Amino acid sequence: MTRPRIRVAAYVIRHRAVPELLVFDHVGTPAAGTQVPAGGVASDEELGQAVLREVAEETGLSDVAVVRQIAMEDKPHPDTRLPRRTTFFHLRAPADTPDSWEHRVSGDGDDADLTFACYFVPLPLKCPLADEQDVWLGRIDPLWTTLMPSDGRVADIPRCRPSTP
5 MTRPRIRVAA
15 YVIRHRAVPE
25 LLVFDHVGTP
35 AAGTQVPAGG
45 VASDEELGQA
55 VLREVAEETG
65 LSDVAVVRQI
75 AMEDKPHPDT
85 RLPRRTTFFH
95 LRAPADTPDS
105 WEHRVSGDGD
115 DADLTFACYF
125 VPLPLKCPLA
135 DEQDVWLGRI
145 DPLWTTLMPS
155 DGRVADIPRC
165 RPSTP
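So this is what it looks like as structure tokens:
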């Protein structure tokens, strides 16, 4: 049996008039969908350190703070079907964090040198994120659960960009 790839994902929340979630789109690759910062954990790295590193690499933000771990999910990669174990974290961003910006990804991962359009969207989301990355938001606050059809069939929800930056 193949061991799962260990990953982290970040729900970076900014509190203003309403709570907002940090998301990004791949510039020039709309098919990648809107996502939250996420990525692999090095063998010598603690999960909390890894999530802070991923946020910094993918968005450029270094002044975020881990609030708490939210969930651990075993789910195969959507394309390769290889096993993954992702730990989701709630992080806090300062209220004066910009509304939107572009960032060139640093680090040595598969996304190195890509450009991400980062921005905040109000919660709850009106549309699911890529690969259902938003599924655990309700664990932070039940009011932040992504709006779903009454029958709960995720496959029938159109993928859409939650907001315009």
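Residues 5 to 169 (the working numbering) are what the sequence shown spells out, left to right. Glycine residues also receive a C-beta, built at the ideal position from the N, C-alpha and C atoms. Nothing here was measured: the structure is a model prediction, and the numbers come from that model.
Taking only the alpha-carbon atoms, compute the straight-line gap between residue i and residue j and give it to the nearest angstrom.
i      : j      : result
HIS81  : PHE120 : 21 Å
ARG96  : LEU141 : 14 Å
LEU118 : GLN39  : 14 Å
PRO166 : THR150 : With a pLDDT of 47 at PRO166, under the threshold of 50, the modelled position of that residue is not reliable, and the figure given next carries that caveat. The straight-line gap from Cα to Cα measures roughly 10 Å.
GLU58  : GLY43  : 6 Å
LEU26  : ALA36  : 16 Å
Using a Cβ-Cβ cutoff of less than 6 Å, which residues in the same chain neighbour residue i once the five nearest sequence positions on both sides are dropped?
i      : result
THR168 : Because the pLDDT at THR168 is just 44, under 50, the model does not fix this residue reliably, and the point stays unresolved.
PRO23  : ILE17 and LEU127
From what residue to what residue does the beta strand (DSSP E) around residue i run?
i     : result
THR2  : The structure shown has nothing for residue 2, since the chain only spans 5 to 169.
ALA69 : 69-78
Report the three-state DSSP secondary structure of residue i (helix, strand or coil).
i      : result
THR101 : coil
THR33  : coil
THR38  : coil
LEU26  : strand
ARG18  : strand
ALA121 : strand
Starting from residue i, trace the alpha helix (DSSP H) in both directions and tell me its first and last residue.
i     : result
LEU60 : The residue you asked about is not Leu; residue 60 is Ala in the sequence shown. Taken as a continuous stretch (DSSP letters only), the alpha helix (DSSP H) holding ALA60 covers 51-63.
In chain order, what residues of the same chain have a beta carbon less than 8 Å from the beta carbon of residue i, not counting five sequence neighbours either side?
i     : result
ARG20 : ALA99
ALA46 : ALA54
Please confirm if the stretch 96-107 is in contact with the stretch 65-72, defined as three or more CB-CB distances below 8 Å between the two stretches. Yes: at least three Cβ pairs fall under 8 Å.
Is the stretch 5-17 touching the stretch 103-113, taking contact as three or more C-beta pairs under 8 Å? Counting Cβ pairs under 8 Å, fewer than three are found: no touch.
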